[in-house]
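As given, the protein sequences belong to chains E and W, one line each in that order. Quick note: the first sequence uses the numbering used here, first residue 30, plus one each step. Quick note: the second sequence uses the numbering used here, first residue 47, plus one each step. Below: the structure, in structure tokens.
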Amino acid sequence: MFNTIEPEAFFEQLKTQFAEKILLVEKHYDVTVAEVSHDVIKNVILFLKEQGFQFLTSCNGLHLPAAEKKFGMIYHLHDFKRNLRIRIKTFTQNDPPHFPTLTDIFPAANWMEREAYDFFGFRFDGHPNLHRILNEDSMEGWPLRKEYPLEDQARFDKDDKMFGR
Amino acid sequence: MKEEIKQDLIGREYTTLNLGPTHPATHGIFQNVLKMDGEIIIESTPTIGYIHRAFEKLAERRPYGQITTITDRLNYCSSPINNMGWHMTVEKLAGIKLPKRVEYLRVIIMELARIADHIICNSVIGVDSGAMTGFLYVFQFREHIYEIYEEICGARITTNIGRIGGLERDFSQTAWLKIEKLLKELPKGLKEFEDLLIRNRIFMDRTINCGPISAEMALAYSFTGPNLRAAGIDYDVRVMNPYSSYEEFDFMIPLGTNGDTYDRFMVREQEMKESMSIIKQAMQKLDKLEDKTSYNAEVPEFYLPPKNEVYNEMEALIWHFKIIMAETSVPKGEVYHCVEGANGELGYYLISDGGRTPYRLHIRRPCFIYYQAYSEMIKGAYLSDAILTMSSMNVIAGELDA
Chain E
30 MFNTIEPEAF FEQLKTQFAE KILLVEKHYD VTVAEVSHDV IKNVILFLKE QGFQFLTSCN
90 GLHLPAAEKK FGMIYHLHDF KRNLRIRIKT FTQNDPPHFP TLTDIFPAAN WMEREAYDFF
150 GFRFDGHPNL HRILNEDSME GWPLRKEYPL EDQARFDKDD KMFGR
Chain W
47 MKEEIKQDLI GREYTTLNLG PTHPATHGIF QNVLKMDGEI IIESTPTIGY IHRAFEKLAE
107 RRPYGQITTI TDRLNYCSSP INNMGWHMTV EKLAGIKLPK RVEYLRVIIM ELARIADHII
167 CNSVIGVDSG AMTGFLYVFQ FREHIYEIYE EICGARITTN IGRIGGLERD FSQTAWLKIE
227 KLLKELPKGL KEFEDLLIRN RIFMDRTINC GPISAEMALA YSFTGPNLRA AGIDYDVRVM
287 NPYSSYEEFD FMIPLGTNGD TYDRFMVREQ EMKESMSIIK QAMQKLDKLE DKTSYNAEVP
347 EFYLPPKNEV YNEMEALIWH FKIIMAETSV PKGEVYHCVE GANGELGYYL ISDGGRTPYR
407 LHIRRPCFIY YQAYSEMIKG AYLSDAILTM SSMNVIAGEL DA
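Below is the structure:
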């Protein structure tokens with residue numbers, strides 16, 4: 030189980046600066062989740078870093094084809110001193126989606142953002158070296174988007190209508 | 047050892063050197079294009095992804111129970127930790143509470159895996175610095191640990207150990223005997239290994255100040271595990287966010303000061319001893335428990351019923367079919383769960399939409415995150431130090447490329 034900041038206290042912290050840009054704060058399972066507006070995500074994370082959340086545990090992309098805002102970035106931050114974890118989400122509807130880079134705040138974000146670019150096609154504005162990381166540079170398409178087929182569509186020997194997503 | 051990059055290099059020619067993709071000293075498939083001035087590295091450009099297998103995409107197609115085999119292939123030196131991490135993630139999502147006995151058994155397996163991983167990493171540091179003998183001494187213990195896995199689950203490297211909601215079977219008597227034998231013999235073997243290296247002048251000269259990283263840099267690059275602790279930050283998931291009853295165990299977190307190869311080596315050496323103490327404590331706790339037989343939680347919707355019941359009872363057959371066909375209902379929600387893997391915080395970020403497969407699974411692989419500091423760490427160092435730095439960081443290709 031994780032320790033987390035209580036949602037009310039967390040909202041209290043954020044609302045003075047970001048007021049209506051904070052779309053949602055709730056506790057989900059054992060961690061407090063905040064959804065923030067796409068245009069202030071970098072400021073929110075900078076603010077949180079000053080508050081003590083100095084460790085970027087991970088950041089990853091998300092594709093929700095059915096939602097209005099299809100593309101999201103999820104950030105997990107950790108405060109070692111108080112041992113608190115939080116999750117910050119942000120969504121956008123633009124395609125290709127643009128997000129501000131975190132590489133100047135957390136050097137560790139470099140490869141994580143390249144991974145998000147590689148698999149979802151997210152552009153990180155200001156990233157020093159944004160190109161594919163695990164896949165080949167010449168590859169076409171964004172493999173972790175839901176429309177990208179997992180298997181070769183030319184195969185007829187496999188009929189998976191019943192099982193499988 | 048680390049020399050300042052000389053500023054008056056204009057007009058001189060650099061050599062470009064390909065270290066990898068396949069090179070015996072990199073212990074895996076890594077490519078680094080090095081720009082060399084003589085023997086000194088000016089710049090390095092890493093290329094990764096040679097064994098990328100699209101685990102995150104595959105996971106979107108596989109039922110929960112079948113993803114365990116994917117996790118085996120992340121850090122294949124300590125697969126059981128990855129397996130347990132995955133089971134615990136699903137258990138957290140579904141709100142499954144395990145009996146104490148299962149948690150202790152899992153702790154034993156995870157600590158065995160940690161020892162096996164550290165044995166490999168540390169003995170390979172020895173090999174890369176020219177000491178083959180130590181490697182041969184301690185590798186037999188890894189073999190003993192693999193025999194224990196074999197006794198518990200039938201497999202050796204890609205273990206697929208445990209199930210969601212428990213373990214697939216209880217430890218056999220032979221497994222216990224083998225664990226006891228290992229606990230008796232390993233300290234002697236480690237002592238021998240340490241005598242060869244720890245105060246060895248050649249080894250110390252080679253490893254002290256080799257590939258150092260400061261605590262600030264390590265934090266900025268999101269280092270975790272022994273590499274972060276060697277830099278002096280006492281972050282261990284087992285202590286900060288205890289899982290599987292780790293809060294009941296009494297153990298120390300070894301720390302380094304310089305974050306160099308020697309410190310990383312020493313932190314791992316000490317961690318192996320702590321792991322042995324944890325296993326002993328777990329065995330004592332198991333002795334004290336009244337429950338001597340349970341090895342799974344009562345969760346018929348996730349845990350396969352025993353075979354004889356499947357053949358003879360209707361209910362069991364139904365559950366068996368539903369689990370195999372992944373028709374059991376998983377709650378909607380998203381969880382992040384992390385375990386202290388052998389080389390850092392291994393996290394699973396799982397989003398479930400209630401379907402038969404995860405909607406999205408992101409795996410926080412510690413290697414992938416800290417390997418990006420490598421080119422920073424070897425700048426201005428000798429080529430031979432770069433090799434040693436890489437092996438001491440415990441970068442595992444399977445986890446790096448996922």
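Glycine included, every Cβ here is placed at the ideal spot set by N, Cα and C.
Rounded straight-line distance, which links the Cα of W:Glu196 to that of W:Thr204:
Roughly 11 angstroms separates the two Cα atoms.
Is the Cβ of W:Phe101 closer than 8 angstroms to any Cβ of chain E?
So, not an interface residue.
Could you check the C-alpha separation between W:Tyr96 and E:Gln46 for me, to the nearest Å?
Taking the straight line joining both Cα atoms gives about 45 angstroms.
Closest to E:Leu85 by CA distance: which of E:Val73, E:Tyr104 and E:Gly170 is it?
For the residues E:Val73, E:Tyr104 and E:Gly170, the minimum Cα distance to E:Leu85 belongs to E:Tyr104.
Which listed residue (W:Ile198, W:Ile442, W:Ala448 and W:Glu422) has its alpha carbon closest to that of W:Thr91:
It is W:Glu422.
Roughly how many angstroms separate the alpha carbons of W:Leu243 and E:Glu169, rounded to a whole number?
Approximately 50 angstroms between the Cα atoms of the pair.
Name the DSSP beta bridge partners of W:Asn342, please?
Answer is W:Gly212.
What are the residues in the region 111–130 of chain W lying within 8 angstroms of chain E by C-beta distance?
Only those residues of the region 111–130 of chain W whose C-beta falls short of 8 angstroms from the nearest C-beta of chain E would be listed, and there are none.
Quick one: which residues of the region 287–305 of chain W get their C-beta closer than 7 angstroms to a C-beta of chain E? List them in chain order.
Per Cβ criterion, the list reads Asn287.
When you compare the CB of E:Met30 with every CB in chain W, is at least one pair closer than 8 angstroms?
So, interface residue.
Residue ranges of each alpha helix (DSSP H) within the region 62–131 of chain W, 4 or longer:
Listed in chain order, the complete alpha helix (DSSP H) runs (minimum 4 residues) inside the region 62–131 of chain W are 101–105 and 114–118.
Can you name the residues of chain W whose CB is closer than 8 angstroms to the CB of E:Ile162?
Here the neighbours are Ile94 and Gly95.
Could you name the residues of the region 409–420 of chain W whose beta carbon sits closer than 7 angstroms to any beta carbon of chain E, in the order they occur along the chain?
Cβ contacts with chain E: Arg410, Phe414, Ile415 and Gln418.
Going by C-alpha distance, which of W:Tyr183, W:Thr93 and W:Ile154 is nearest W:Met322?
Closest option to W:Met322, Cα to Cα, is W:Ile154.
Can you list, in chain order, the stretches of the alpha helix (DSSP H) that have 4 or more residues and sit fully within the region 280–331 of chain W?
You should have 283–286.
For the alpha helix (DSSP H) that W:Ala264 lies in, which residues bound it at each end?
If you look at W:Ala264, you'll find it in the alpha helix (DSSP H) that goes Ala261 to Ala266.
Cβ separation of W:Met312 and W:Gly305, assumed to be a contact under 8 angstroms, to the nearest whole Å
Their Cβ separation, rounded to whole angstroms, is 11 angstroms, which puts W:Met312 and W:Gly305 out of contact at 8 angstroms.
8 angstroms Cβ shell around E:Arg194 - same chain, five flanking residues per side excluded:
For E:Arg194, the predicted structure reports a pLDDT of 44, less than 50, and the residue's modelled location is therefore unreliable. A value from the coordinates is still provided. Taken in chain order, the list of residues that qualify is empty.
According to DSSP, residues forming a beta bridge with E:Met102
According to DSSP, which records beta bridges pairwise, E:Met102 is partnered with E:Gly90 and E:Thr119.
Below-8 angstroms beta-carbon distance, E:Arg116 vs any chain W residue:
Flagged as an interface residue toward chain W: E:Arg116, by a C-beta distance shorter than 8 angstroms.
Between E:Trp140 and chain W, is there a C-beta pair that is closer than 8 angstroms?
In terms of beta-carbon proximity, E:Trp140 lines the interface with chain W, with at least one pair separated by less than 8 angstroms.
Tell me which residues of the region 47–64 of chain E have at least one Cβ-Cβ distance to chain W shorter than 9 angstroms, keeping chain order.
Taking 9 angstroms as the upper bound on Cβ-Cβ separation, chain W lies near residues His57, Tyr58, Asp59, Val60 and Val62 of the region 47–64 of chain E.
Any chain E beta carbon closer than 8 angstroms to W:His133:
When Cβ-Cβ separations below 8 angstroms define contact, W:His133 makes no contact with chain E.
Determine the extent of the beta strand (DSSP E) in which E:Pro157 is found, giving its start and end residues.
It is not in any beta strand (DSSP E) - E:Pro157 carries neither H nor E in the DSSP assignment.
Cutting at 6 angstroms between CB atoms, please list the residues of its own chain near W:His190, excluding the five before and the five after it.
Once the five neighbours on either side are set aside, the close Cβ partners of W:His190 are Leu228.
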